[in-house]
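**Student:**
In this note's numbering, the protein residues as written are 69 to 588.
1. Could you work out which residue in 395, 412, 550 is closest to residue 524 when comparing CA atoms only?
2. In terms of residues, what are the limits of the alpha helix (DSSP H) holding residue 367?
3. Please tell me whether residue 209 and residue 160 are closer than 9 angstroms, where the distance is taken between their beta carbons.
4. Counting only runs that start and end within the stretch 402 to 452, where is the beta strand (DSSP E) found for 3 or more residues in a row?
5. May I ask which residues mark the beginning and end of the beta strand (DSSP E) holding residue 161?
6. Going by the beta-carbon positions, is the gap between residue 437 and residue 489 smaller than 9 angstroms?
7. Looking only at its own chain, which residues have a Cβ that is under 8 angstroms from the Cβ of residue 482, when we skip the five neighbours before and after it?
8. Can you list, in chain order, the residues of its chain with a C-beta nearer than 6 angstroms to that of residue 529? Leave out the 5 residues immediately preceding and following it.
9. Alpha helix (DSSP H) containing residue 554: first to last residue?
10. In the DSSP assignment, the alpha helix (DSSP H) including residue 137 goes from what residue to what residue?
11. Could you check if residue 73 is buried or exposed, using at least 16 other CB atoms within 10 Å of its CB as the buried criterion?
12. For residue 553, collect the residues of the same chain with a Cβ closer than 6 angstroms to its Cβ; drop the 5 residues on either side in sequence, then sort them by chain order.
13. Could you compute how far the alpha carbon of residue 569 sits from the alpha carbon of residue 459?
14. Measuring CB to CB, does residue 157 end up less than 9 angstroms from residue 186?
15. Excluding five sequence neighbours on each side, which residues of the same chain lie with their C-beta closer than 7 angstroms to the C-beta of residue 466?
16. Count the C-beta pairs between the stretch 88 to 97 and the stretch 137 to 155 that are closer than 8 angstroms, then say yes if the count reaches three, no if not.
17. My guess is that residue 382 and residue 415 are in contact by the Cβ rule of under 8 angstroms, so how many angstroms apart are they, rounded?
18. Per DSSP, residue 205 is paired with what?
19. By how many angstroms is the C-alpha of residue 378 removed from the C-alpha of residue 424?
20. So, for residue 76: in the same chain, excluding its five sequence neighbours on each side, which residues have a beta-carbon less than 6 angstroms away from its beta-carbon?
21. Please check the pair residue 305 and residue 344, which I expect to be a contact at CB under 8 angstroms, by giving their CB distance rounded to whole angstroms.
22. Below 9 angstroms between beta carbons: does that hold for residue 242 and residue 235?
23. Tell me, please, which residues DSSP counts as bridged to residue 243.
24. So, under 8 angstroms CB-CB, residue 446 and residue 494 are touching, yes? Tell me the CB distance rounded to an integer number of Å.
25. Quick check: the stretch 304 to 324 against the stretch 275 to 294, are there 3 or more CB pairs under 8 angstroms?
26. Is the stretch 220 to 227 close to the stretch 143 to 152, with three or more CB pairs under 8 angstroms?
27. Rounded to whole angstroms, what's the CA-CA distance from residue 352 to residue 463? Just pull it up for me.
28. Among 238, 216, 491, which has the Cα closest to the Cα of residue 197?
29. Let me check one thing: in DSSP terms, what residues is residue 499 bridge-paired to?
30. Alpha carbon to alpha carbon, what distance is there between residue 492 and residue 441?
31. What is the DSSP secondary structure of residue 236, counted as helix, strand or coil?
32. Considering only residues of the same chain and omitting the five flanking positions on each side of residue 307, which have a CB-CB separation below 7 angstroms?
33. Can you tell me which of the three DSSP states residue 394 falls into?
34. Using the C-alpha atoms, what's the distance from residue 90 back to residue 350?
35. Taking only the alpha-carbon atoms, compute the straight-line gap between residue 145 and residue 333 and give it to the nearest angstrom.
36. Can you give me the C-alpha to C-alpha distance between residue 544 and residue 526, rounded to a whole angstrom?
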């Protein structure tokens, strides 16, 4: 059977194209050897389970220790600590019995059930019994550990700590890892809302390391795609890798999804055809429009208040709404939706996610505009009549910017979202919009690409317009794109001002660039 690019669940050796899973966790073997307890965290679908299962196979193949994989995803809605403790105990024993089909787990279950301990220590008891029965050092990997919360999580950590501190006299796993989206600080936040104390003894002081599973590098993406070329003879054009990294930022699911769409859908397994950068562009568009599970789950998160609180100011360049140490900030970055760039700005994690944010939040607007905004009048043989587009938007905004306009509760970002929807409608499949969003930038940068031409639009609010400093921002943006002219859209949300004052057009020459300033 030929291998293929996987987008559903963990990668399996011999079945999927995959990279050495543990290369992105270089310290993990040493942590296990040193009998440490640690956390591995990363956004969804980045390869955490694939890496951990690879390590479990490796450890068990060596035979010096016994490694057990156990996922806690069925405990997602558990609220009763004692019932959850019994359920986790059964998961541990069942997984051990499945991995090592002997009577060990059944005996351990009987002993654990007949011990004079309560249900509240069932996890600790089961792990102790398995250690005795295994006859070797036991290593346990708890996947989807972030499914536990509240008192269930407290009970879980308390039992692990109790076993850990007494393992010099009573058998207990030599090493335990918790795998999920959360880092140690997030677990603490789950257990201690609003800084509530758990007492003098912290269950977290048994964690020696907190590791982040990073995205693929450009070299790793090249190595992954090279596996397909070697096995099938199908080539990727030289500029494909740059395009993939530009769109995905190395996010593993996106890297695999883009290649799979090109190989299987666009080229239909015709391996004599070369995959091009244009194919990657088409694949990106299809994946976003199709709303695959990975994309759809991100879209739905945008409706959550704690996500909106962080994402909204990123869209329009507002100031930081909460501390970097806040639970909301960490949650959104743990999702992998946003990241901090080299300048310390919070931005979409990659260009595909930026487009997903913009297009999902404006989807209803775009549908509504199908009857009120024609898509073709501004099309020229060699591009767009951009002055005509902006004049038409001024008319549209005057007519449709009611005081209560509010897209998905993104009230402050609504003007920016409406303009994005309008431009998306204008391009209508013949072009694309590149969105540059950054917290604290006091602007939204858009680049409309249409039939080989590019048009830069910087979006601001009147309160964020700062004269020459704002002109300099746009001029610098034009420099980065190599363009001689651009547009600055300035929304004035003062409802007391007449439209005659708000709507204006003026041209400014600054730093050798022509800036078309459009009042709204």
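C-beta atoms are modelled at their ideal positions from N, C-alpha and C, and glycine is treated no differently.
**Tutor:** So, from the data block:
1. Reading the chain shown from its first residue, position 456 is the one you call residue 524. The candidate whose alpha carbon is nearest that of residue 524 is 550.
2. By one-based count along the chain shown, residue 367 stands at place 299. For residue 367, the enclosing alpha helix (DSSP H) begins and ends at 361 to 369.
3. Start at 1 with the first residue of the chain shown, and residue 209 comes out as number 141. Start at 1 with the first residue of the chain shown, and residue 160 comes out as number 92. Here residue 209 is not near residue 160, since their CB atoms are 9 angstroms or more apart.
4. Within the stretch 402 to 452, the complete beta strand (DSSP E) runs of at least 3 residues are 406 to 408, 414 to 416.
5. Position 93 of the chain shown, counted from the first residue, corresponds to residue 161. That residue, residue 161, is in no beta strand (DSSP E); its alpha helix (DSSP H) goes 149 to 167.
6. Against the chain shown, residue 437 aligns to sequence position 369. Against the chain shown, residue 489 aligns to sequence position 421. When the beta-carbon positions are compared, residue 437 and residue 489 come within less than 9 angstroms of each other.
7. Indexing the chain shown from 1 puts residue 482 at position 414. Excluding positions up to five away in sequence, the list reads 473, 474, 475.
8. Residue 529 sits at position 461 when you count from the first residue of the chain shown. Only 559 meet the Cβ criterion.
9. As a working note, residue 554 is residue 486 in the chain shown. Counting along the chain, residue 554 falls outside any alpha helix (DSSP H), though it belongs to the beta strand (DSSP E) covering 553 to 559.
10. To locate residue 137, count along the chain shown from 1; it is residue 69. Here residue 137 belongs to no alpha helix (DSSP H); instead the beta strand (DSSP E) covers 133 to 139.
11. By one-based count along the chain shown, residue 73 stands at place 5. By the neighbour-count rule (16 or more Cβ atoms within 10 Å), residue 73 is buried.
12. Walking along the chain shown from the start, residue 553 turns up at place 485. Leaving aside the five residues that flank residue 553 on each side, the residues in its chain whose CB is nearer than 6 angstroms to its CB run, in chain order, 582.
13. Locating residue 569 in the chain shown gives position 501, counting from the first residue. Locating residue 459 in the chain shown gives position 391, counting from the first residue. Taking C-alpha positions only, residue 569 is separated from residue 459 by approximately 15 angstroms.
14. The count along the chain shown starts at 1 and reaches residue 157 at position 89. The count along the chain shown starts at 1 and reaches residue 186 at position 118. Between residue 157 and residue 186, the C-beta gap is not smaller than 9 angstroms, which leaves the two residues out of contact.
15. Numbered from its first residue, the chain shown carries residue 466 at position 398. 567, 571.
16. Segments in contact, no.
17. Residue mapping note: residue 382 aligns to position 314 of the chain shown, counting from 1. Residue mapping note: residue 415 aligns to position 347 of the chain shown, counting from 1. With 8 angstroms as the limit, residue 382 and residue 415 qualify as a contact, their Cβ atoms being about 7 angstroms apart.
18. As a working note, residue 205 is residue 137 in the chain shown. Residue 205 is bridged to 133.
19. Walking along the chain shown from the start, residue 424 turns up at place 356. Walking along the chain shown from the start, residue 378 turns up at place 310. One Cα belongs to residue 424, the other to residue 378, and the distance between them is close to 16 angstroms.
20. Looking up residue 76 in the chain shown gives position 8. If we look at residue 76 and ignore the five residues flanking it on each side, it has no Cβ neighbours.
21. Counting from 1 along the chain shown, the entry for residue 305 is found at position 237. Counting from 1 along the chain shown, the entry for residue 344 is found at position 276. With a beta-carbon spacing of about 5 angstroms, residue 305 and residue 344 fall inside the 8 angstroms limit used to define contacts.
22. Counting from 1 along the chain shown, the entry for residue 242 is found at position 174. Counting from 1 along the chain shown, the entry for residue 235 is found at position 167. Going by C-beta atoms, residue 242 is nearer than 9 angstroms to residue 235.
23. By 1-based counting over the chain shown, the position of residue 243 is 175. Partner(s): 207.
24. Here residue 446 refers to the residue found at position 378 when the chain shown is read from its first residue. Here residue 494 refers to the residue found at position 426 when the chain shown is read from its first residue. Going by Cβ atoms, the distance from residue 446 to residue 494 rounds to 6 angstroms, so yes, they are a contact pair.
25. In short, these stretches touch, since the Cβ pair count reaches three.
26. They touch, by the three-pair rule.
27. Locating residue 352 in the chain shown gives position 284, where the first residue counts as 1. Locating residue 463 in the chain shown gives position 395, where the first residue counts as 1. About 33 angstroms.
28. Stepping through the chain shown from its first residue, residue 197 is reached at position 129. Ranking the options by Cα distance to residue 197, first place goes to 238.
29. In the chain shown, the residue the question calls residue 499 occupies position 431. Residue 499 pairs with 518.
30. The residue given as residue 441 occupies position 373 in the chain shown. The residue given as residue 492 occupies position 424 in the chain shown. Taking the straight line joining both Cα atoms gives about 11 angstroms.
31. Translated into the one-based positions of the chain shown, residue 236 becomes position 168. If DSSP states are grouped into helix, strand and coil, residue 236 belongs with coil.
32. As a first step, residue 307 is located in the chain shown; it is residue number 239 there, counting from the start. Once the five neighbours on either side are set aside, the close Cβ partners of residue 307 are 345.
33. Within the chain shown, residue 394 is the residue found at index 326, counting from 1. Here residue 394 sits in coil by DSSP.
34. Locating residue 350 in the chain shown gives position 282, counting from the first residue. Locating residue 90 in the chain shown gives position 22, counting from the first residue. Approximately 32 angstroms between the Cα atoms of the pair.
35. Locating residue 145 in the chain shown gives position 77, counting from the first residue. Locating residue 333 in the chain shown gives position 265, counting from the first residue. Spanning the two alpha carbons is a distance of roughly 38 angstroms.
36. Translated into the one-based positions of the chain shown, residue 544 becomes position 476. Translated into the one-based positions of the chain shown, residue 526 becomes position 458. When rounded, the separation of the alpha-carbon atoms in residue 544 and residue 526 is 11 angstroms.
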